[in-house]
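Just so you know, the sequences run in chain order A and B.
Taking the numbering used here, the leading residue of the first sequence gets 1, the next gets one more, and so forth.
Taking the numbering used here, the leading residue of the second sequence gets 1001, the next gets one more, and so forth.
Every residue gets a Cβ at the ideal spot worked out from N, C-alpha and C, and that includes glycine.
Each remark here refers to the structure printed beneath this line.
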Amino acid sequence: MTTTAEHLAYVLRLADNALILGQRNAQWCGHGPVLEEDIALANMSLDLIGQARLLYSHAATLEFTLTGIRKTEDDYAYWRSESEFANYTLVELPHFGPLCSTARADHDYAVTIVRNFLYAALAVHLWTALKASVDDELAAIASKSAKEARYHRHHARDWLVRFGDGTDESHRRAQAALDYLVPYTREFFTRDPIEDAIAAAGIGPVTADIESAWSNDVADAVVEATLALPDPVQHVTTGKCGEHSEHMGYLLAEMQCLARQHPGAAW
Amino acid sequence: MTRYTVFSGAGVGTGKFHKTFDAALSRAWWVLESVPDPEIPVVSLRELGILRDVRRGADNVLEIVITPTYSGCPAMMQIADDIARALDDAGLAPYRIKTVLAPAWTTDWISESARPKLIAYGIAPPSTPCATNGLSPERTPDVVRFVRGASEQHAMPVCPRCGSGQTERLAEFGSTACKALYRCLECREPFDYFKPY
């Protein structure tokens, strides 16, 4: 299997999703609604950041093969700019409903849980499929990540059901979160040249093939939670192509500023 | 490094079958048996399935093979340091510590000898084997108690203090990412449970 630019781009896409979602969920650390959830989110962020590290290390190997340039995990995480990140727009959104630009609101745990569920439901199927990748290292990472994604999905699904089939307020917030976030999931399944190349090479699945399994899982949970899926929309977000929402810049500033202020520093 | 020839024959290239006893390799296994997990110091890295192999690399250098538990396990650097220190102290340098990801670590690799040690330490060992499925959604443990609907009593861990099977889960994550927090309904003490992974 020869390394291609699409292969590298695909691995970075997986890594970026894990890193950015890990970064977002870590914002709850010290601020969780209850202690157990504070700890849960910190631990799940740790899983995600661990996955990101493994993937960035693998990307570094691929990039070296492709270009002869040596990079580290830190180079990918701290020294790339917004348009180089290929995470889905869904995972960069703040923990509150639709507000623009610098407008802020209190963090809404329903948004956190619904987002985590929508992403984890995809991650379980994606990582399971990637266990069969012709890229051995990616398959190895997938074996571990699939187990962790199942646990994350279990956690988010539990809470989704509890919120939906809960009090009037929790139901209202969970429904509002679904209405807000489900449209961002169209991006999961739209085809693009990178995914086509990956599928052709046997490195990863055609994501559209995962769509019905994902939809079934989501519908199942939503029904059990006595909630409803919003109507489909036309717009498809473009995070995986490097075009991000207005929130990404602020997230990167917070995540990268320390490293950038002290280039080359080590603990 | 001392080599003892057990069967007749010489080394590579003679065409004769040979088997030699590698004293340094044997000593390395013995030394590493005493390296405990940094978080659970009553069990060794080998007993937890983190230490996978001690062998000679292609260049004949001693190679220690370890595997991470969870992707983000923060103890892996400490584990590598502890292994290095143990080998240095035993005069077994040079060596190389190699981290492999596949096959993926599973709690199924926790040795039988580790289980009573975990219990004595106050940690309930995983009560279900994982095989290839890990945490399939159909086999998930009990839901947190305040969700309406029947709570599935599925392979509840046994209290490591009093042995009662009447336990309940308090939190998905306990003192570390790999453990959940449970409580015994008989003796009322909390305990950590090593989650099936």
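Query                                                                                                                                                                                                                        : Result
Would you say Ile198 (chain A) and Glu6 (chain A) are within 8 Å of each other, going by their C-beta atoms?                                                                                                                 : yes
So with Cβ pairs under 8 Å, would you call Gly1072 (chain B) a contact of chain A?                                                                                                                                           : yes
Per DSSP, which one or two residues make a beta bridge with Cys1184 (chain B)?                                                                                                                                               : B:Thr1167
Go ahead and pull the three-state DSSP assignment for Ala1155 (chain B).                                                                                                                                                     : coil
Measuring CA to CA, which of A:Glu137, A:Ile194, A:Asn87, A:Glu224 is closest to Gln175 (chain A)?                                                                                                                           : A:Glu224
Which residues, taken in chain order from the region 45-62 of chain A, show a beta carbon closer than 9 Å to some beta carbon of chain B?                                                                                    : Ser45, Leu46, Asp47, Leu48, Ile49, Gly50, Gln51, Ala52, Arg53, Leu54
Using 8 Å as the cut-off, can you tell me whether the region 241-253 of chain A makes contact with the region 88-106 of chain A, which would need three or more C-beta pairs spanning the two stretches below that distance? : yes
Grouping DSSP H, G and I as helix and E and B as strand, with all else coil, what is Pro183 (chain A)?                                                                                                                       : helix
Output, in sequence order along the chain, the residues in the region 206-240 of chain A whose CB is closer than 7 Å to any CB in chain B.                                                                                   : none
According to the Cβ coordinates, are Glu1172 (chain B) and Ala40 (chain A) closer than 8 Å?                                                                                                                                  : yes
Where Cys1187 (chain B) and Glu1168 (chain B) are concerned, what is the direct C-alpha to C-alpha distance, given to the nearest angstrom?                                                                                  : 12 Å
Thinking just about the alpha-carbon of each residue, which of B:Ala1058, B:Arg1056, B:Val1031 is nearest to the one in Leu1045 (chain B)?                                                                                   : B:Val1031
Within its chain, find whatever has a CB closer than 6 Å to the CB of Ala259 (chain A); leave out the 5 residues flanking it on each side and keep chain order.                                                              : Tyr78
According to DSSP, is Tyr151 (chain A) helix, strand or coil?                                                                                                                                                                : helix
In the DSSP assignment, the beta strand (DSSP E) including Asp1053 (chain B) goes from what residue to what residue?                                                                                                         : 1051-1056
Give the C-beta separation of Tyr56 (chain A) and Gly204 (chain A) to the nearest angstrom, bearing in mind that I take them to be a contact with Cβ-Cβ under 8 Å.                                                           : Actually they are not in contact, since the Cβ atoms of Tyr56 (chain A) and Gly204 (chain A) sit about 17 Å apart, beyond 8 Å.
For chain B, find out if any of its Cβ atoms is closer than 8 Å to the Cβ of Ser81 (chain A); answer yes or no.                                                                                                              : no
Give the DSSP-derived three-state secondary structure of Leu1062 (chain B) in the structure shown.                                                                                                                           : strand
Kindly list, in the order they appear in chain A, the residues whose Cβ is closer than 8 Å to that of Glu1189 (chain B).                                                                                                     : Simply none; closest approach about 18 Å.
Quick one: residues in its chain with C-beta nearer than 8 Å to the C-beta of Ala1120 (chain B), no 5 flanking neighbours on either side, listed in chain order?                                                             : Val1042, Pro1160
Should the region 81-90 of chain A be called in touch with the region 240-248 of chain A, which here means at least 3 C-beta pairs below 8 Å?                                                                                : yes
Helix, strand or coil, according to DSSP, for Ser1258 (chain B) in the structure here?                                                                                                                                       : No information on residue 1258 (chain B) is available, as it lies outside the stretch 1001 to 1197 that chain B covers here.
Tell me, to the nearest whole angstrom, how far the beta carbon of Met255 (chain A) is from that of His155 (chain A); I am working on the premise that it is less than 8 Å.                                                  : Not really, about 23 Å apart at Cβ, beyond 8 Å.
Evaluate contact between the region 96-112 of chain A and the region 133-149 of chain A, counting only Cβ atoms and requiring at least three cross-stretch pairs below 8 Å.                                                  : no
At 7 Å on the CB atoms, spell out the chain A contacts of Tyr1197 (chain B), in chain order.                                                                                                                                 : Lys147
Quick test of your reading: Arg1052 (chain B) and Leu1025 (chain B), contact by CB under 8 Å. State the CB separation rounded to the nearest angstrom.                                                                       : Incorrect: roughly 14 Å between the Cβ atoms, too far for contact.
Counting along the chain, where does the beta strand (DSSP E) carrying Tyr1095 (chain B) start and finish?                                                                                                                   : 1095-1099
Can you tell me whether Ser1113 (chain B) is buried or exposed? The criterion is at least 16 other CB atoms within 10 Å of its CB, across all chains shown.                                                                  : exposed
Taking Cβ-Cβ distances shorter than 7 Å, what residues in chain A pair up with Phe1173 (chain B)?                                                                                                                            : Ile39, Ala40, Asn43
Leaving out five residues on either side along the sequence, give the residues of the same chain with a beta carbon under 7 Å from the beta carbon of Pro1157 (chain B).                                                     : Ala1124, Ser1127, Thr1167, Tyr1182, Tyr1193
Using 8 Å for Cβ pairs, my map puts Leu12 (chain A) next to Ala59 (chain A). What's the rounded Cβ distance?                                                                                                                 : 5 Å
Within 8 Å (strictly less), CB to CB, does Leu1051 (chain B) reach chain A?                                                                                                                                                  : no
When Cβ atoms are compared, which residues of the region 131-144 of chain A fall closer than 8 Å to chain B?                                                                                                                 : Asp136, Glu137, Ala139, Ala140, Ile141, Ser143, Lys144
Should Val1061 (chain B) be labelled buried (16 or more other beta-carbon atoms within 10 Å of its own) or exposed?                                                                                                          : exposed
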